[in-house]
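One structure below.
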Amino acid sequence: MADSFHETYSEVAWIPTMYQVGCVSSPVIAPLLVTFPYDRYCIGLFFISPLGDMVRRRQLILALVCITTCISVALALSRNITIFRTLAILMGAFNVTPQILIPMVADLVEPRHRACAVSMLQSGIMLGILLGRVIAGIIGYYTTWRVVYYMAIGMQTIVLCGAYFIIPDHPPKNPDLTYVDILHTMVTYSVTEPSLMQAVLINIASVAGWSNFWVTLTFLLGDEPYHFSTLYIGLFGLIGILGIFSGPLAGRFIDRRGAWYSVLVATLCLLVLQSIEMAAGGLHIGVVVVVCFGIDAFRQTQTVSLQTIIFSISEEARSRLNAVLGASLFAGQVIGSSAGSHVFLRYGWRAAAALSVGLYGWQLLVLFIRGPNCGRHVWFGYEGGFAFNERKLYEERTCADATSRSDTAEMTEVTTEARTPRDSCYAGECA
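If you count the sequence shown from 1, position 175 lands on 788 in our numbering, and the numbers rise without skipping.
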């Protein structure tokens, strides 16, 4: 790419929309390269994906795929570095189609199967990212970087045709809302919904621990006692495929045992894995392999569990709620990669792993602030205790979907109809 644009490597190193941590040799610039793509993605996530609550989602998805396809064509044909950089930023901002599909899937399936369906979609997203990196690396090794974008154009065209014939059309969920109302209610939800705030705090710490592991893994494997090349280090990302395939099983567990308990189990498992990494990660490669598999699998379980929690807040605002939760991804990436790199370079791999252990401990603290049976507007406490009842779980989910429409209407002042109290759902009095 540097030769194509007649620029130095440092001028083009930050451009690619997908970064392989294992391909970055400098421990100083690695965390910056890892987090950079997420800032432009965060822009699209926060300002474009909430439109799923305001317009027809089928048309929005088709428009976004069409836009990103056209941008890919321009990227493949670009001869100017400045134009290429601008197009790369636009690609990151408009490539938020999956974040519109996730709330849409949550709307289409029954409440008792929601987590399983969302986990399958999340598995597809992660598998696409991983395979895209591997295939792009192989193509770029044997040909030129432009062929990678030609392949992307072909794949996006197939996706566009498939979306046109497969994705169902539904009326807009909130046709009376304006774009300003959409942004305003996102801020309102962020400060008035205890379960959303809890999920955001947990997600930030979880992503920070995940980013810390993968960024510092590059340094660990490239140094004593392993001395692996960047090629072998990159192959460790393939281990994540096995963790991805566990997604549907995790979704079924969430549907049967509830999202709160699933977050608890996943966080405890992540805590154990990082403790093992802290004890023996620099002593035996088998430990690294086990942790690579487990950290992706249980991180995905956490993600789906947190999404299931926030989707129960309001049926009519799921795109906005998902955007708020997704925005916390960027904060976690920045914190985990930058702090993890600093700790690793100064104190070594054990201290970096200990940082992740502390982050997972913080998640448990945040989780236990609110019990699994608390009402929607309860910030602290253990209302309803810790008892688990599968039938009660299904009734609560159904009741939440039935009452969320009136809740959203009251918040956005679209209608003056009184909101149905959530507490009545727990008494089995949902209309």
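Where is the CB? At the ideal position from N, CA and C, for every residue including glycine.
With DSSP run on the structure shown, which of helix, strand or coil describes residue i?
i    : result
L790 : coil
V647 : In this predicted model, V647 has a pLDDT of only 41, less than 50, meaning its place in the structure is not dependable; the value taken from the coordinates is given anyway. Of the three classes helix, strand and coil, the one that applies to V647 here is helix, per DSSP.
R983 : strand
G860 : helix
G822 : helix
G961 : coil
G971 : helix
G994 : strand
F866 : helix
D909 : helix
T757 : coil
D782 : coil
N935 : helix
D666 : helix
T914 : helix
D720 : helix
R727 : helix
N708 : coil
F943 : helix
H897 : coil
L850 : The residue asked about is misnamed: residue 850 is Gly in this sequence, not Leu. Three-state result, G850: helix.
Rounding to the nearest angstrom, what Cα-Cα distance links residue i and residue j in this structure?
i     : j    : result
V731  : T695 : 38 Å
I684  : Y762 : 10 Å
T1113 : I922 : With the chain represented from 614 up to 1044, any question about residue 1113 goes unanswered, as that position is not in the structure.
T710  : S662 : 8 Å
V793  : A776 : 29 Å
L942  : P785 : 27 Å
L690  : L968 : 44 Å
G586  : I926 : Lying outside 614 to 1044, the shown extent of the chain, residue 586 is not represented and no answer is given.
R983  : F911 : 21 Å
H726  : F866 : 10 Å
R670  : F832 : 43 Å
Q887  : N787 : 44 Å
L796  : L934 : 11 Å
A964  : N825 : 11 Å
R1032 : A879 : Because R1032 sits at a pLDDT of 37, beneath the cut-off of 50, its placement in the model cannot be relied upon, and the point is left open.
G945  : T916 : 13 Å
L740  : I752 : 18 Å
R759  : G767 : 13 Å
P807  : A893 : 38 Å
Y754  : F707 : 28 Å
R698  : E996 : 52 Å
Considering Cα atoms alone, identify which of the options is closest to residue i.
i    : options                   : result
L700 : F841, C774, I715 and T682 : T682
L881 : T914, R959, L942 and I752 : T914
I715 : R931, R869 and V668       : R931
L673 : I780, R698, I752 and I702 : I780
D836 : P788, S969, G994 and F957 : F957
F849 : L886, V904, V813 and G997 : V904
G974 : W992, V991 and V876       : V876
W827 : I908, V686 and D782       : I908
G871 : V686, A728 and F707       : A728
E928 : L734, G753, M717 and W758 : M717
D868 : F707, A687, M733 and G657 : M733
V991 : M739, L884 and V804       : V804
W962 : I751, I889, G939 and M810 : I889
Q769 : V917, L883 and M704       : M704
F906 : A765, T757, Y755 and W823 : W823
S736 : L855, Y755, I846 and F778 : L855
G953 : L938, G971 and A936       : G971
A966 : M810, A706, V901 and A687 : V901
G657 : V686, G994 and V937       : V937
Could you tell me whether any non-hydrogen atom of the ligand SAH is closer than 7 Å to the CB of residue i?
i    : result
C905 : The model on display carries no ligand, and the ligand SAH is accordingly not part of it.
Should residue i go down as buried or exposed, given a rule of 16 or more other Cβ atoms within 10 Å for buried?
i     : result
Y802  : buried
L896  : exposed
Y960  : exposed
C655  : buried
F659  : buried
V813  : buried
R692  : exposed
D666  : buried
I748  : exposed
G899  : exposed
L851  : exposed
D789  : exposed
I771  : exposed
E940  : In the sequence under discussion, the amino acid at residue 940 is Ala, which differs from the Glu named in the question. So A940 counts as buried.
S918  : buried
F778  : exposed
F1052 : No answer is possible for residue 1052: it lies beyond the span of the chain, which begins at 614 and ends at 1044.
*Given 8 Å as the limit, is there contact between the segment 938 to 954 and the segment 676 to 684, that is, 3 or more CB pairs closer than that?*
no
With contact counted as at least three CB pairs below 8 Å, one residue from each stretch, are the segment 744 to 758 and the segment 718 to 733 in contact? no
Next on the checklist: Between the segment 979 to 987 and the segment 845 to 860, can you find at least three pairs of beta-carbon atoms closer than 8 Å?
Outcome noted: no
Query raised in the report: Three or more C-beta pairs closer than 8 Å, one from the segment 970 to 981 and one from the segment 811 to 821: is that the case here?
Result: yes
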